[in-house]
Structures are given as structure tokens and as C-alpha cells.
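With this note's numbering applied, the first sequence covers 0 to 480. Built from N, CA and C at the ideal position, the CB exists for glycine as well. Source: prediction; values computed, not measured. Reviewing the structure listed below.
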Amino acid sequence: MNVVTRIAPSPTGDPHVGTAYVALFNWAWARKHGGRFILRIEDTDSTRSKPEHEAEIHTALAWLGIEADESPAMGGDHGPYRQSERKATYRQYVDELIAGGHAYRCFCTAERLTELRTFQKAAKRPTGYDGKCRSLQPDESAQRAADEPHVVRLAVDKSATTRWNDLLRGEIVIENENVDDQVLLKTDGMPTYHLANVVDDHLMGVTIIMRAEEWIPSVPKHIMLYSAFGWQPPIYAHVPLLRNADKSKISKRKNPTSVLWYQQNGYLPETMVNFLALQGWSPREDDEEFTIGEFIDKFDPKDISLGGPVFDMVKLDWLNGEKIRKLDIEELADRLQSDGWAGEWHNDELLKILPLFQDRMKNLKDFEPAAAYLKARPEPDLEGLAKKTKKVDPAVLVTVLREAAERLREFEGHGDDEREAALRLVAEKHEIKVGALFMGLRVAVTGSVASPPLLPSIDSVGLDESLARVAALTDRLAPTT
RNA sequence: GGCCCCAUCGUCUAGUCAGGUCUAGGACACCAGGUUUUCAUCCUGGCAACACGGGUUCGAAUCCCGUUGGGGUCACCA
């Protein structure tokens with residue numbers, strides 16, 4: 000099967016998760032069939048398009064591991080891949096459409112159009128171009144075109160019906176009376192999405208268009224263009240839109256939508272890929288965790304479900320924790336360092352201490368604050384300690400902690416089991432719970448009531464410093480003695 | 001509002017195309033218990049859904065119609 004897919008983002012803002020979502024499906028399908036996956040930049044909106052946004056799209060896709068076979072950055076046999084560089088091509092096809100009577104020039108001003116729309120809305124009529132310039136004679140139209148600003152519109156046959164078969168949704172039927180005479184070429188000579196999209200997809204040999212469902216209403220325009228050019232339309236597969244918690248189309252205000260945000264906030268790219276794949280698609284078996292390679296093997300666009308998936312950050316965080324736990328220590332150390340989450344920690348230190356933290360991380364961001372106590376003496380959580388040792392007389396606790404410190408000095412260099420046994424004896428001798436003793440030491444050494452295991456923590460901090468911390472705590476708990 | 005798309009636990013979903021194996025399966029979250037020196041991990045269990053109404057059928061989550069609900073779209077933005 001010859002499979003050519005594409006993703007056609009517009010560089011008008013941060014690289015969007017929706018773009019990554021659709022890119023993932025397109026990329027995987029092309030990979031699965033040894034086809035081509037094209038990244039085409041739709042920068043026909045000359046006021047909003049910015050080169051830096053295009054660069055960010057590349058960065059975002061590269062981070063996720065979604066590499067295009069053809070793109071503005073790497074070129075290809077069907078370039079250029081930036082629509083702003085294809086103006087001459089579109090011009091040529093527009094002329095062909097006008098000559099064939101499939102499109103016409105429109106000289107109406109923006110003011111007239113606004114007025115028209117306002118009137119239609121007030122009258123509760125459907126909005127749309129009224130066809131004023133459609134009846135212009137070809138020679139008059141051509142003459143005025145020489146020195147009058149104008150656009151070119153699609154001449155929709157309002158009496159016809161457009162129907163097509165969506166790969167995911169089956170037959171969709173839209174009466175052309177509901178289709179506007181869409182602008183194809185703007186006053187500035189740039190094509191609109193509709194024209195550029197059809198021309199490029201055809202010229203680049205795209206066989207299947209997987210894109211968001213928001214495009215469904217404009218498919219008739221595209222089909223009409225294919226037909227006007229005498230081209231075969233590709234297969235359409237309209238995938239669901241990612242949603243906010245309130246089910247509306249995912250938006251910046253209600254969710255982080257920039258792929259870069261996730262990169263900059265401690266998420267692993269494999270988390271994003273796995274999570275995005277799960278939005279609408281699921282493997283046949285019940286295992287929801289998979290690698291990008293496994294996804295390619297199993298993916299089929301036909302299996303995408305159509306309810307709009309709510310982007311659930313809670314599940315994303317869970318998945319990220321799972322992915323972090325799957326990394327081996329070397330790899331985790333590497334990710335922390337290359338993404339800037341390692342702080343002052345050196346690689347050899349990380350390899351030693353990371354086993355203490357890996358199970359406790361849901362995010363690469365979690366490491367540095369959690370490990371801070373190893374670098375600097377923390378402020379002990381006295382309130383937390385008091386709560387956790389309610390049943391213990393503070394004076395007894397101080398005595399026990401001081402004695403425990405002596406034992407730790409005595410048993411320096413001994414194994415965890417031996418040291419633990421020694422500490423247990425201290426607790427038993429003073430008839431307090433072992434947990435209370437450990438909690439006291441824990442708060443002294445790590446500052447917190449929740450921490451990695453105590454003995455390895457003491458070893459990492461160093462015995463002298465650990466005991467100094469215990470002394471500092473006992474002095475505070477019993478300042479007068 | 002017109003047009004179009006969609007509809008299973010709070011959320012992501014399996015099951016729908018080929019109706020019975022569904023007292024509807026899994027995951028996240030939540031709750032309870034276990035392991036454990038705390039936390040986390042890990043393990044066990046629990047809570048929780050076929051939007052509604054008709055129809056077709058011996059039988060419907062699955063097919064049909066309607067209703068309701070949600071979403072998208074109606075730009076010289078994509």
C-alpha cells in the first residue's frame with residue numbers, strides 16, 4: 000500500500016499538542032507502511048506567521064521523535080514545503096480555475112462583506128457571500144483585475160450535493176447550498192488554506208488526510224476543487240478534537256497546549272507519545288503502556304474512536320511516573336542532566352542517589368527539591384514531627400534520638416540490617432515505637448516526614464553531618480537541658 | 001440560529017461494523033486493606049457507565065427512527 004501522509008501546521012503560535020496528536024497518527028501510519036510523512040508549513044497568513052514558530056514546530060516534533068521525511072528543513076522531491084514559497088504554483092492553478100469557470104474574481108470590499116454579514120445575521124439568514132461579482136463578464140473581470148484589488152472565489156454549484164466517504168465516519172452528505180463561495184486567493188496574492196491545501200496535497204502525492212474533525216465542514220470545497228482540476232481526492236479520516244475538561248476544543252486558557260510546555264515541565268517525550276496515542280486509540284489488549292515502536296506496529300486509523308477525548312493531566316502525570324520508573328538509572332541521570340533538571344548534581348553522584356528517588360518521581364522536576372536535603376541542611380518540619388510522634392514524650396524522644404546517634408556512630412560502616420537492629424533496641428529500651436525513633440531521625444536528617452529510606456539517606460548525607468543534624472534537632476527540642 | 005459530527009463508569013477506553021459468550025472488561029482518579037522505619041513503589045479488594053423514548057427481533061450497549069445532550073463550523077485564520 001502506498002501511503003503518503005502529512006501534517007500541515009500553521010506557524011502562528013506555540014507548537015500545539017493538537018498538531019502533535021495528529022502528527023503522531025500520520026507519522027505512525029506512514030512509518031508502518033514504509034511510506035512518506037511530509038511536514039508542510041502553511042504560512043499563508045502573512046501577518047500571523049512567524050519563522051520562530053516554524054522553528055518551534057521542528058523542535059517539538061523532533062523532541063517527540065516524530066521525524067518528517069520531507070520538510071522545509073530537510074527538503075525533498077516535492078518542495079518547496081513552505082506555502083509562502085509556492086505562490087507561483089497557486090497562481091497558475093487559480094488561472095486554470097478561472098478559465099474553466101470554476102472560480103471568479105471578486106472585487107467586493109471588506110466593508111461591503113462586513114455589512115453583508117451583519118445584515119444576514121440580523122435577518123437570521125445564513126451568512127455567506129451573495130455572489131455579486133459572480134455575474135461579472137469575463138472580459139470586464141479581467142480588465143478590472145489589472146488595477147483593482149480583488150480576490151478569487153470558488154464558484155460553488157449551489158444546486159449540487161457533495162458526498163464522500165470518511166474513513167472513520169462513513170458517508171457524509173452536505174448540500175452545496177450550505178457551502179460558501181470560498182475565497183481561494185487573497186488580495187495579497189496568497190492562497191487560502193482551501194486552495195493551497197488541495198493543490199499541495201495533490202502535487203505532493205498525499206494519499207490519506209488525517210486531520211481534526213473541525214475540517215469536516217470545509218471538505219465539500221476541497222472535493223469541488225479536486226473535481227475542478229480533474230484530480231482524485233485522497234482518503235479523508237477526520238479524527239476527534241482534543242478537549243478541555245468542559246468538553247470544548249482544547250485551548251490555551253484551560254490547558255497547557257504548547258508541546259514545549261510539556262518539554263519544559265519535566266515530561267518525557269515517550270509519555271507524551273503514549274498518552275496522545277491513547278486519546279481516541281487503544282491497543283487491542285488491555286496494556287495501555289507501550290513504546291512508540293509498538294504503537295507503529297499496532298496502529299490503524301480505522302480503530303480511532305470518535306468521542307472527543309478530554310485531556311486528563313492527572314493520567315498524564317501517572318503515565319509520566321510509569322515512564323520514569325521504566326528508565327534505567329543511567330538513562331534517568333542522562334535525561335535529568337540534558338533537560339536541566341539535575342541542578343548541581345554530577346553524573347556519578349546521580350547514579351548513586353537516583354535509586355532513592357526514582358520510585359518517588361512523577362516528573363523530572365521532582366528530583367531536585369526531593370534531593371535538596373542531601374546537599375544542604377534542611378529546616379526540620381517540627382510540626383510534622385510532633386504530629387507523627389504524638390504519643391511520645393518529647394523529653395523521651397530527645398533521649399532516644401541522642402542515644403540512637405551514639406549507636407549510629409558505633410555501628411558506622413555496618414550494614415543496614417545491623418544498624419536497624421541496633422536502633423530498634425534503643426527504641427525498645429525506652430518503650431517507644433520504632434517508627435517514632437525513625438521519624439525523629441528522618442526529620443532531623445531529611446527535614447521532612449516523607450523521605451527516601453533513612454539509612455541510605457544518612458550514608459548519602461555522610462555520618463558526621465547526619466549526626467550534626469540530629470544534634471541540632473535534639474538541641475531545639477530540648478534547648479534548656 | 002443553519003449545516004455537520006458525536007454519545008459506554010468522574011476521565012481515557014474495550015465491546016458496536018458481522019445482535020446472544022456483557023450479571024458490560026481494562027486503565028486513571030477515588031476509597032479500603034496488605035507489604036514497609038515515613039513517603040513512594042508494589043500487591044489485593046471496592047465504588048462507578050450502556051443519555052432518554054419508541055421500533056425491529058426469540059433476544060439490543062450493539063440495528064433503525066425520534067428526542068435530549070455535547071462538540072465543531074459558518075473569515076481575504078488555519
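If you count every other CB in all the chains shown that lies within 10 Å of the CB of Ser459, and 16 or more means buried, which is it?
buried
Run through the region 106-193 for me and flag every whole beta strand (DSSP E) of 3 or more residues, listed as ranges in chain order.
150-153, 160-165, 169-174, 182-184
Could you tell me whether the Cβ atoms of Arg133 and Phe106 are closer together than 8 angstroms?
no
Tell me the residue span of the alpha helix (DSSP H) that contains Met0.
Neither: Met0 is in no alpha helix (DSSP H) and is coded neither H nor E.
Nearest by alpha-carbon distance to Gly34: which of Glu419, Leu241, Asn1 is it?
The shortest CA-to-CA distance from Gly34 to any of Glu419, Leu241, Asn1 is the one to Asn1.
Glu139: buried (16+ other C-beta within 10 angstroms of its C-beta) or exposed?
exposed
Using CA atoms only, rank isn't needed, just tell me which of Glu284, Ser48, Gly279, Ala29 is closest to Val3.
Ala29
Measuring CB to CB, does His193 end up less than 8 angstroms from Leu183?
yes
On the DSSP letters alone, give me the boundaries of the beta strand (DSSP E) that Leu38 sits inside.
35-38
Mind pulling the alpha helix (DSSP H) runs of 4 or more residues that sit fully within the region 270-322?
The region 270-322 contains these whole alpha helix (DSSP H) runs: 291-297.
Nearest CA to the CA of Pro379: which residue from Gly434, Leu355, Ala449?
For the set Gly434, Leu355, Ala449, the Cα lying nearest the Cα of Pro379 is the one of Ala449.
Among residues of its own chain, excluding the 5 on either side of Phe520, which ones have a beta-carbon nearer than 8 angstroms to its beta-carbon?
Only positions 0 to 480 of the chain appear in the structure, and residue 520 is not among them; the question remains open.
From which residue to which residue does the beta strand (DSSP E) around Met209 run?
207-211
Whole angstroms are fine: how far does the CA of Thr88 sit from the CA of Leu60?
28 angstroms
Would you kindly report the start and end of the unbroken alpha helix (DSSP H) that includes Lys77?
The residue asked about is misnamed: residue 77 is His in this sequence, not Lys. Note, His77: premise wrong, no alpha helix (DSSP H); not H, not E.
According to the neighbour-count rule (16 or more other Cβ atoms, all chains shown, within 10 Å of its Cβ), is Gly446 buried or exposed?
buried
Expressed to the nearest angstrom, what Euclidean distance is found between the alpha-carbon atoms of Gln278 and Arg85?
35 angstroms
With a threshold of 16 other CB atoms inside 10 Å of the CB of Arg5, please say whether the residue is buried or exposed.
buried
In three-state terms, what does DSSP make of Arg376?
Looking at Arg376 - three-state DSSP - the assignment turns out to be coil, as it is neither helix nor strand.
Mind checking Thr473: buried by the 16 CB within 10 Å criterion, or exposed?
By the Cβ-count criterion, Thr473 is buried, with 16 or more other Cβ atoms from all chains shown falling within 10 Å of its own Cβ.
Of all the alpha helix (DSSP H) runs that stay within the bounds of the region 223-273, which reach a length of 4 or more residues?
258-263
Figure out for me which residue from Asn164, Trp344, Gly17 has the closest Cα to the Cα of Val272.
Gly17
Just to confirm, is the Cβ distance from Trp280 to Ile303 under 8 angstroms?
yes
Going along the chain, which residues of its own chain have a beta-carbon closer than 6 angstroms to the beta-carbon of Ser465, five neighbours each way excluded?
Val444, Ile457
Which residues in the same chain have their Cβ closer than 6 angstroms to the Cβ of Leu462, if we skip the five residues on either side of it in sequence?
Glu411
Let me know the secondary structure DSSP gives Ala435 once reduced to three states.
helix
Rounded to whole angstroms, what's the CA-CA distance from Asp416 to Ala403? Just pull it up for me.
15 angstroms
Judging by CA-CA distance, which residue of Arg242, Ser70, Ser247 is the nearest neighbour of Tyr20?
Arg242
Pro79: which of Val198, His221, Ile295, Asp296 sits nearest, CA to CA?
Val198
Three or more C-beta pairs closer than 8 angstroms, one from the region 42-62 and one from the region 254-263: is that the case here?
By the C-beta criterion, the region 42-62 is judged to be in contact with the region 254-263, since at least 3 inter-stretch pairs fall below 8 angstroms.
Take Glu367 as the anchor and find which of Asp76, Ala332, Lys432, Leu153 has the nearest alpha-carbon.
Ala332
Hey, quick one: how far does the alpha helix (DSSP H) through Pro8 stretch, first residue to last?
DSSP places Pro8 outside any alpha helix (DSSP H), giving it a letter other than H or E.
Kindly indicate which three-state DSSP category Glu382 falls into: helix, strand or coil?
helix
Relative to the C-alpha of Leu135, which residue among Val433, Tyr103, Lys120 is closest?
Of the candidates Val433, Tyr103, Lys120, the one whose C-alpha sits nearest the C-alpha of Leu135 is Tyr103.
Secondary structure at Arg47, three-state DSSP: helix, strand or coil?
coil
Which class does Glu69 belong to by DSSP, given the choice of helix, strand or coil?
In the structure shown, Glu69 sits in a strand (DSSP, three-state: E or B).
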